[in-house]
Every structure is written in C-alpha cells, then in structure tokens.
Amino acid sequence: IEESHAQEYDYIIVGGGTAGLALATRLSQGLKKASILVIEAGPAALHEDGINIPGLKGSTLGGKYDWNFTTVPQTHLNNRTIFTPRGRVLGGTSALNLLTWDRAAAAEFDAWEAVGNPGWNWRTMSAAMEKAETYVGGPAGSGSSGPIHAVINRVIPLHQGSFIPAVSRNFPIPPNPDSLQGNPIGVMYQPENINPASYNRSYSATAYLPLAGPNLAVLTNSPVTKINFAPSNNPNQNGKGNNKPLLRATSVTLTNNTTLHATHEIILACGALSTPHLLELSGIGHPPLLRAAGISPVLINLPGVGENYQDHLRVQVSYQLRDGLGFVTGDMLATNATFAAEEWAKRLRGEAGFYDDTGAGYVFADWGRVVGAARGEGLVRLAEGLKGGGDVGSRKKVEMLRDRTVPQVEVIFSDGYTGVKGYPPVGSGLYGKGFFSLVAGLMHPLSRGSVHVDPRDPLGKPVVDPRFVDNEYDMEGLVEILKFCRRIARAEPLRSVWVAEYEPGEELVQTDEDWREYVRNTTLTVFHPMGTAAMLPRKDGGVVDSRLMVYGTANLRVVDASIIPVQISAHPQTAVYGIAEKAAEIIIAAHR
Ligand SMILES: Cc1cc2nc3c(=O)[nH]c(=O)nc-3n(C[C@H](O)[C@H](O)[C@H](O)COP(=O)(O)OP(=O)(O)OC[C@H]3O[C@@H](n4cnc5c(N)ncnc54)[C@H](O)[C@@H]3O)c2cc1C
Numbered sequence: 258i259e260e261s262h263a264q265e266y267d268y269i270i271v272g273g274g275t276a277g278l279a280l281a282t283r284l285s286q287g288l289k290k291a292s293i294l295v296i297e298a299g300p301a302a303l304h305e306d307g308i309n310i311p312g313l314k315g316s317t318l319g320g321k322y323d324w325n326f327t328t329v330p331q332t333h334l335n336n337r338t339i340f341t342p343r344g345r346v347l348g349g350t351s352a353l354n355l356l357t358w359d360r361a362a363a364a365e366f367d368a369w370e371a372v373g374n375p376g377w378n379w380r381t382m383s384a385a386m387e388k389a390e391t392y393v394g395g396p397a398g399s400g401s402s403g404p405i406h407a408v409i410n411r412v413i414p415l416h417q418g419s420f421i422p423a424v425s426r427n428f429p430i431p432p433n434p435d436s437l438q439g440n441p442i443g444v445m446y447q448p449e450n451i452n453p454a455s456y457n458r459s460y461s462a463t464a465y466l467p468l469a470g471p472n473l474a475v476l477t478n479s480p481v482t483k484i485n486f487a488p489s490n491n492p493n494q495n496g497k498g499n500n501k502p503l504l505r506a507t508s509v510t511l512t513n514n515t516t517l518h519a520t521h522e523i524i525l526a527c528g529a530l531s532t533p534h535l536l537e538l539s540g541i542g543h544p545p546l547l548r549a550a551g552i553s554p555v556l557i558n559l560p561g562v563g564e565n566y567q568d569h570l571r572v573q574v575s576y577q578l579r580d581g582l583g584f585v586t587g588d589m590l591a592t593n594a595t596f597a598a599e600e601w602a603k604r605l606r607g608e609a610g611f612y613d614d615t616g617a618g619y620v621f622a623d624w625g626r627v628v629g630a631a632r633g634e635g636l637v638r639l640a641e642g643l644k645g646g647g648d649v650g651s652r653k654k655v656e657m658l659r660d661r662t663v664p665q666v667e668v669i670f671s672d673g674y675t676g677v678k679g680y681p682p683v684g685s686g687l688y689g690k691g692f693f694s695l696v697a698g699l700m701h702p703l704s705r706g707s708v709h710v711d712p713r714d715p716l717g718k719p720v721v722d723p724r725f726v727d728n729e730y731d732m733e734g735l736v737e738i739l740k741f742c743r744r745i746a747r748a749e750p751l752r753s754v755w756v757a758e759y760e761p762g763e764e765l766v767q768t769d770e771d772w773r774e775y776v777r778n779t780t781l782t783v784f785h786p787m788g789t790a791a792m793l794p795r796k797d798g799g800v801v802d803s804r805l806m807v808y809g810t811a812n813l814r815v816v817d818a819s820i821i822p823v824q825i826s827a828h829p830q831t832a833v834y835g836i837a838e839k840a841a842e843i844i845i846a847a848h849r
C-alpha cells in the first residue's frame, strides 16, 4: 500500500472494501496506463489477529474496525434496535464477515436480467464469481485461479457430524456437496474464504490488493464527504428521454476538506449503507429528504436512493451438549484458559485446531421441503396476496417462491452458543458447558426498508430503518422456520448429542403465539443489507443502469452490494466480488 498525495487520478474509487479493492485491482491490471486511487475511511489492519484467524471471527464486531450502525427502533420487533455492523477498515466488511462462501440459485441471478438489466444473469455472474475464486478441493467447475481462496474447514467439531444425517434422513432434503453451481438446495458443509496455506481469512485486502500494479494508490483513514460535479456536454445514452444535461463527477472532498480530482470516472463502493448516504450528501436523492437535511442544491432527483433496503432475517435456537461424549466446542476458547492455550500452541505450530473453527453446516430449502406442500402453498398465497402486484422487485421475489430450486429458508449449524439471551454467566451451573445453535434465515422476506441521511446530523451516521417483519408473510415464515429448527434438533442422530434446549426452552415456547413473541423479541439481521442503490430502470426506482452508471450522470458508477436489484438467498460476498469483476470488464471496455 502506498499512501498517496497526488491531487489528480484517472479513476477514483471511494470505499476500499469488498468490491472496492477487487475492482481497483482489476482496473489496475486491465488499464495499465491509467492512474487509480482507492480512498478508504478506515485503516489498514493486515496483521490483525481478530481479522485473520478464522476461529476469532466475530471478535472485531462492535470494535474499532466497525462503523457500528444501528437501526431505528423496529416497530414490529417490540421496538428493539438491531445492531448492523459494517467494516470500516481496508477490506471493508470482507475483513469482518463470518466467512461463508456460497452462491444463490441460478434463477435468482436470471431475475436480475428479467427486471431490466441485459447481460446480468446466472451465466455472466457465475463466470464473474468464479474469476474471484480458487476453491481448493472444490468440485469440477469451481473457480480455480481467482484471488480469494476458499476451502471446506479442516476442523469439523465432533457433534457437528450428526447434523447432515439428521437432516437428510428425516426431511426431503438431500446432501448437496456441489451447491455453488446454481442449485444450492440441500444440506452440506460450505467452503469458507480461508487460505489453506496459512489458514488465515482470505479477503479483498490480502487476496486482491497484492495483485495490483504500481498504477494503484490507496489512501486510508480518509472518509469522503462529498462528490463534486460539473455540467457535462457529453451526449450519453443515459440521458435518453431525460432532457437535463448529464452531470460529470469531477472530484471528491475528504473530511479535512482536501479535494482530489478524477479525469475519467468516480466509482462509489461504500457498501449498502454508506453509498446511498454519500449520494445524498452529494445532492442525489429524493428532494424532500435532501432539503430536510439542508443539502442544496438538489442535483439529481432520484427517489430510489436509499430505498429498496432488503436483508435476510435471522432467528436462532440453542442446545446444551451432553456431557461425557468428548464434545469440544469453540466456546471453550473463551471459558477454558488451558484449552485456549493448547489450541493457540497448535495454531503457532501450523496444526489444525479450534482457532481454525468456523463450525458451519448448512440447509438451503424451499418451503415445500420445510413445511410440506400444503402449508408451503399457503405461505406462497399469503405472499402473493400481499405483494404479488407490487413493485417489480417484490413481484419477482414472490414469483420465485414457487421455484423449487430457489431457497426460501437457510439453517446454519453454528458451533457453540450464538443466541440472544447470552452464554451462561460465570458462576452459573451451565458456565463452561458446550452448546450448539441452529441459526436460521428467511431468504426473501417481503419487508423493505430504507437508509437515509439524518436530517439532524447529515455527516453523522445515516438513519437505518429496515422495517423488519412489517408483514404477516415474514412473521409466519419465521415461526415456521423456528419450528423447523426444533424438528431438526429433535431428529436423530442430532437428538442424542444434547440434553436440553437452552434457548428459547421447550417449556417456555410451545404455541404459535409463543413463537410469534419469540420472533418479536429475538429476530436479528444476518448482516446482508443490499439493494439501496438498485440497478433497475429509472421508472422502477432504479439508481444505476445496467452499466452501473448513476442516472443523470456521465461518469459516476456504483459497484457494491447496493446495486443488487432483487435479493438473493446466498450470503452476498461471492455476488459482491462477482459484481466487482463484471464492473471491471464494463469499465475497461468503456475506456478502450
Ligand atoms: C457480521 C457480518 C457477517 C457477514 N458474514 C458473511 C458471510 O459469512 N458470508 C458472506 O458472503 N457475506 C457475509 N456478510 C456480508 C458481506 O460481507 C457483505 O455483503 C459484503 O462484504 C459487502 O461488500 P461491499 O463492497 O458492498 O461493502 P463493504 O465491504 O462494506 O465496503 C465498503 C467500504 O467503503 C468504506 N467507506 C464507507 N463510506 C466511506 C466514505 N464515506 N469514504 C471512504 N470510505 C468509505 C468502508 O469503510 C468499507 O471499507 C457479513 C456481513 C457482516 C457485517
């Protein structure tokens, strides 16, 4: 990384996160004569154990590498506020995430094309995602030469061995070891973005950036507060049907008032919460919101900025492991100093141990496989009644509820305790005991939220309102998912590994109404916000066109999770890297 002090570059990328660093690296390789600058708000932390060591995943959340965003009180979740972490460090959220490396169903990417984005489909996106990946030991057809390394974890806790058979023997959900090829339905281990050579996290800052050429400069610790524009005379297809001249992005302003100029393009890669915020601060968005925040002039009237917020909803149950069967869990790194020291010594010797543990088995299933055909049909009809005639993205989602190749439910076997009420406190009888959790997600909730500039403090944190569970489909879906988790836990051979349901507790939650209250009290996010600067036709609330160009501008693009037009069922990082790879192709082609 070279700290840069030049004032002018051909391309400026704002946000050195997951997509930003992947894009910057590819532009530097493909446009060798161009000068490229990445500006990142946070520091570089390439040697931080909490980032690099897989078994310490999660330890950096809420800390100095996190933006620490929080939602406003969620009306339908008993007014709870929901913690919404995002990476504020070189590598962005790829430095903090929980390492799942999976892919959505082919139909979900084809839906992007169907809502008005020619060339964005499974064929092109799977090729782009494979460009990002080297899946070591993966099935034929996996990416084999990309920067990010992924591997099935070499440490699978003993008790976890009962998860896949419990699902595949008791439910119509088959083992699917080849789930990255467009059909994720099944039960499986997933690869994780770990480099097997070092057993460190493989992420954009350590995997992509070292491949960049000398034409790439990186500026860290430098939040951008504004994009500046000049009128453009360039007749651009972007302007068809819109008589206003296109604006040309010329420079960015940092918090210390430095201005850095771009001769060709400025690209926003600040992620699904900060990209819309920066657009609004720059005068692009819904005029009444901008005026309320004192932002003037309003340069481009784009009501879709910050709207269309979609996320996966998360619920969970936890079980206490049976004593005397030799089970070891990642929890013990925190509760048993001797064990932690032994495992640390293994890590230092390069041997497998619990500092590698990411303990994750997965189920991806459609409603029919989870609740049976009749109840599944009931849920689909409920969704159709609510949103079947809604906006283009919601219509697509509802349509996909009938597609048996598209997951609507995910269940993660999570080693250790990862619930809401907390690990048993020191001194309690359960302290030191082992647990496992079933963390489950609703993949296509109908709730849509927003993220907008705070009128009381425009440069402070944006106002995040995902409007979680604001409709009956999301509520009934989550209740069914929780009941499904309990059925999985009670299925052999998994039933034999635990002695008690620790959370919520079998005696405490029994009826549907009990589960509904549990949903209101414990629903969280899976941390996958997307869609807040959606790639959609402008008339449908789009912010960028299918070249990722912001409507009304000649040279401002968005390349990150914000552009996802229809929510996907997978953990998003593979798609985000794919978006960056595809964006690089588009930008390089436009340059020539
Ligand atoms: C706790 C957690 C766990 C997750 N687990 C997984 C998982 O296991 N698997 C998976 O696939 N996905 C996971 N995700 C989601 C996934 O990591 C994100 O969807 C993805 O990394 C988003 O990439 P991005 O490029 O859109 O944004 P980011 O990677 O967040 O990049 C945005 C960058 O822009 C910078 N930035 C923001 N504003 C400014 C500004 N004004 N000036 C300069 N820089 C700025 C930020 O600091 C950041 O570095 C998880 C997310 C979280 C939070």
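Residue numbers for the sequence shown follow this note's numbering, so the first one is 258 and each next one is one higher. Think of the CB as a built atom: it goes at the ideal place given N, C-alpha and C, for glycine as much as any other residue.
{"Asked": "T595 in three-state terms, based on DSSP", "Found": "helix"}
{"Asked": "Residue interval of the alpha helix (DSSP H) (run including I738)", "Found": "E729 to A746"}
{"Asked": "DSSP-derived helix/strand/coil call for K797", "Found": "Correcting the residue identity first, residue 797 is Asp in this sequence and not Lys. Helix at D797."}
{"Asked": "When W377, P453 and G373 are compared against A407, the one with the closest alpha-carbon", "Found": "P453"}
{"Asked": "Under 8 Å between C-beta atoms of G835 and M382", "Found": "yes"}
{"Asked": "Euclidean distance between Cα positions of V710 and P544", "Found": "12 Å"}
{"Asked": "Backbone secondary structure at K497 - three-state DSSP", "Found": "Because the pLDDT of K497 is 49, which lies under 50, any placement of that residue in the model is unreliable, and the number read from its coordinates should be weighed accordingly. Looking at K497 - three-state DSSP - the assignment turns out to be coil, as it is neither helix nor strand."}
{"Asked": "Nearest-angstrom Cα separation, counted from P502 out to G496", "Found": "With a pLDDT of 43 at G496, under the threshold of 50, the predicted position of this residue should be treated as unreliable, though the coordinate-derived value follows. Rounded to whole angstroms, G496 to P502 spans 7 Å at the Cα level."}
{"Asked": "Assigned exposure category for R411 - 16 Cβ within 10 Å defines buried", "Found": "exposed"}
{"Asked": "Cβ-Cβ distance between G618 and I421 below 8 Å", "Found": "yes"}
{"Asked": "Identity of the residue in N593, A841, I845 and A818 nearest T350 by Cα", "Found": "A818"}
{"Asked": "Own chain residues within Cβ distance below 7 Å of I820, not counting five before or after", "Found": "A790, A791, M792, V801, L805 and I836"}
{"Asked": "Contact belief for I270 with L280 at Cβ below 8 Å, rounded distance in angstroms", "Found": "6 Å"}
{"Asked": "Assigned secondary structure, I421 (DSSP; H/G/I helix, E/B strand, else coil)", "Found": "helix"}
{"Asked": "Proximity winner among S671, N728 and G633, relative to K644 (alpha-carbon distances)", "Found": "N728"}
{"Asked": "Unbroken alpha helix (DSSP H) run spanning T512, endpoints", "Found": "Neither: T512 is in no alpha helix (DSSP H) and is coded neither H nor E."}
{"Asked": "Inter-residue spacing [alpha-carbon to alpha-carbon] between P492 and L303", "Found": "The predicted model places P492 with a pLDDT of 49, which falls under 50 and marks its position as unreliable; any figure quoted below should be read in that light. Cα-Cα distance, rounded: 44 Å."}
{"Asked": "Beta-carbon contacts of I825 that lie in its chain and below 7 Å, excluding the five residues immediately before and after", "Found": "A361, E365 and A832"}
{"Asked": "Simplified DSSP assignment, three categories, for S803", "Found": "coil"}
{"Asked": "Assumed close pair N440, T675 - CB separation to whole angstroms, cut-off 8 Å", "Found": "About 28 Å; that fails the 8 Å criterion."}
{"Asked": "A602, DSSP secondary structure in three states", "Found": "helix"}
{"Asked": "Where M382 sits in the DSSP three-state scheme", "Found": "helix"}
{"Asked": "4 or more residues per run - each alpha helix (DSSP H) lying fully within the region 623–672", "Found": "624–628, 630–644 and 649–657"}
{"Asked": "Any non-hydrogen atom of ligand 1 within 7 Å of F621 CB", "Found": "no"}
{"Asked": "A847 burial status per 10 Å Cβ neighbour count (16 or more: buried)", "Found": "exposed"}
{"Asked": "N565 beta carbon near ligand 1 (any heavy atom closer than 7 Å)", "Found": "no"}
{"Asked": "Test item: CB-CB of P719 and L559 under 8 Å", "Found": "no"}
{"Asked": "Inter-stretch contact (C-beta, 8 Å, three-pair minimum) for the region 759–768 and the region 647–659", "Found": "no"}
{"Asked": "Rounded straight-line distance, which links the Cα of T338 to that of A841", "Found": "37 Å"}
{"Asked": "Pair within 8 Å by beta-carbon distance, L590 and F611", "Found": "yes"}
{"Asked": "C-beta atoms of Q830 and D672 nearer than 8 Å", "Found": "no"}
{"Asked": "Contact the region 460–476 vs the region 370–386: 3+ CB pairs below 8 Å", "Found": "no"}
{"Asked": "Distance, G691 Cα to P396 Cα", "Found": "33 Å"}
{"Asked": "Nearest-angstrom beta carbon gap, T615 and P311 [assumed within contact, 8 Å]", "Found": "5 Å"}
{"Asked": "Start-to-end residues for the alpha helix (DSSP H) that takes in I844", "Found": "Q830 to H848"}
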